[in-house]
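Some notes on the structure that comes next.
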Amino acid sequence: MNETREKCDKISVIVPCYNEEESLGHFYERTALVLAQMDVDYELLFVDDGSSDKTLSILRDMRERDSHCRYVSFSRNFGKEAAMYAGLREADGDYRVFMDADLQHPPELLPEMYQAVSGEGYDCCGGKRMGRDGDGALRSFCSRMFYKVCKALTHMDMGDGYGDFRMMNRQMAEAILEMKEYNRYMKGIFSFVGFHTKWIPFENVERESGESKWNFKSLLGYAAEGILSFSTTPLKLAGIFGALLLAAGLLVLLVNLVQQIFIPGALSQFEVLLTVILTLAGMQMIFLYIIGSYLAKDCMENKRRPVYIVRERG
Ligand code: UDP
Ligand code: MG
């Protein structure tokens, strides 16, 4: 497959893990089997994102038994985005790929991904998930709506199905590491850095064991993160609404003046006034909230806090 290369390429498989004691064994078996059959050197770099179950001790065991395995363990749960960032920094492979521990990213795709980045001139090769089995109707619907809104607001295609399961070359990995922000929205970061990416479709599979770490509230927060981190359009909406309201206000004033002149005493009613005031106050509060959200993000960025803190390496 790679006769033309002089040295053997190294692939770093980066695996964020948060309470994955039930999945890790099977993940390791299936992934190591695929990698061992490829004509490459490889490492399995697990990032324990502050798990409270047996994840860390399983990783210690794996490290003992197989020198291809390494791990970094955080001092607490910092979130998947932080775990991916840490993995990318710690990895030293020529090609680096993110994979979920729950086998929702089929390792059988790795040879094809490697072929794309090492032999077909692509910088990155990602798995595009088809379908959303096991996600539930509401979650699927909300996700689809989010990606539509996101595309309109950020002008970047962070599309549905384009997840984190991507193999990239060193140049792209370094470009991602150059993005030093604290609020790390990986889909946006991938989209921002660009590079030539090939997509391989794969059938969505349900998580093998354990539970998804997402609930509706955390997904909503994740969606807001994506928009706040990569678009300032919501701030501009205040200007557009303001201009529209000003125009409407001037029109009402004009109508009132005309009425006063031609039909004295025909003033607008108290209820109408109250409705208008409430609507305007509500809108102002919403825009204050939006401005506040951006300020809060900026405030966190300015603190220059570390994205993650390592407690143990092995
Ligand atoms: N994960 C993590 N930190 C977190 C939440 C999740 O490292 O705070 C890992 C998790 O162990 C898994 C991957 O991120 O390997 C995807 O998580 P999950 O399966 O819960 O997400 P979903 O597939 O439902 O989007
Ligand atoms: Mg999953």
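Residues 1099 to 1412, numbered by my numbering, are exactly what the sequence shown covers, in order.
All residues carry an ideal CB built from backbone N, CA and C; glycine is no exception.
From a predicted model like this one, the values you see are computed outputs, not experimental measurements.
inquiry  = Taking a contact to mean a Cβ-Cβ separation below 8 Å, would you say V1132 touches L1201 in this structure?
reply    = By the CB criterion at 8 Å, V1132 and L1201 fall outside the cutoff.
request  = List the endpoints of the continuous alpha helix (DSSP H) containing D1159.
outcome  = That run of the alpha helix (DSSP H) goes 1153-1163.
task = Going by CA-CA distance only, name the one from K1249, L1236, E1119 that's closest to M1160.
result = Ranking K1249, L1236, E1119 by Cα distance to M1160 puts E1119 first.
inquiry  = Please state the DSSP three-state secondary structure of T1373.
reply    = T1373 falls in the helix class under three-state DSSP.
inquiry  = Given a cut-off of 8 Å on the beta-carbon distance, is the pair L1386 and I1325 in contact?
reply    = No. Outside cutoff.
query = When the Cα atoms are used, what is the spatial distance from P1299 to Y1212?
reply = One C-alpha to the other measures close to 15 Å.
task = Go ahead and label F1244 buried or exposed: buried means 16 or more other beta carbons lie within 10 angstroms of its beta carbon, across all protein chains shown.
result = It counts as buried.
ask   = So, are the CB atoms of E1306 and S1121 less than 8 Å apart?
value = Yes, Cβ-Cβ distance for E1306 and S1121 is below 8 Å.
ask   = At what residue ranges does the stretch 1260-1346 contain a whole run of the beta strand (DSSP E), taking only runs of 3 or more?
value = Listed in chain order, they are 1260-1267, 1295-1301.
ask   = Whose CA, out of A1336, H1253, L1378, I1375, lies closest to the CA of S1329?
value = Taking only the C-alpha atoms, the option nearest S1329 is H1253.
task = Specify whether the stretch 1143-1159 and the stretch 1213-1220 touch according to this definition: at least 3 beta carbon pairs, one from each stretch, less than 8 Å apart.
result = Below 8 Å, too few C-beta pairs join the stretch 1143-1159 and the stretch 1213-1220 to call them touching: fewer than three.
key: Contacting residues, own chain, Cβ-Cβ under 6 Å from A1321 (five flanking each side not counted)   = Excluding sequence neighbours, A1321 sits near F1244.
key: 7 Å CB neighbourhood of L1355 in its chain, flanking five on each side removed   = Hits under 7 Å: none found.
task = Using only the heavy atoms of the ligand MG, determine whether one of them is closer than 7 Å to the beta carbon of S1238.
result = Checking the Cβ of S1238 against the ligand MG gives no.
inquiry  = Just to be sure I understand the criterion: a residue counts if its Cβ is closer than 7 Å to at least one heavy atom of the ligand UDP. Which residues meet that?
reply    = Counting only residues whose CB is nearer than 7 Å to a non-hydrogen atom of the ligand UDP, the list in chain order is V1113, P1114, C1115, Y1116, N1117, E1118, V1145, D1147, N1175, G1177, K1178, A1181, D1198, A1199, D1200, Q1202, R1305, S1310, K1311, W1312.
key: Start-to-end residues for the alpha helix (DSSP H) that takes in C1248   = Under the DSSP assignment, C1248 falls in the alpha helix (DSSP H) whose first and last residues are 1235-1252.
query = What first and last residue would you give for the alpha helix (DSSP H) that runs through P1209?
reply = Where P1209 is concerned, the enclosing alpha helix (DSSP H) stretches over 1208-1217.
Coil, strand or helix - R1187 by DSSP = Of the three classes helix, strand and coil, the one that applies to R1187 here is helix, per DSSP.
ask   = Looking at the unbroken beta strand (DSSP E) that takes in E1141, where does it start and where does it end?
value = Looking at the DSSP string, the run of the beta strand (DSSP E) that includes E1141 is 1139-1146.
task = Along the alpha helix (DSSP H) that carries R1402, what are the first and last residues, could you check?
result = Careful: R1402 lies outside any alpha helix (DSSP H) and carries neither H nor E.
query = If you drop the 5 nearest sequence neighbours on each side, which residues of the same chain put their C-beta closer than 8 Å to that of K1395?
reply = Only N1281, L1326, S1327 meet the Cβ criterion.
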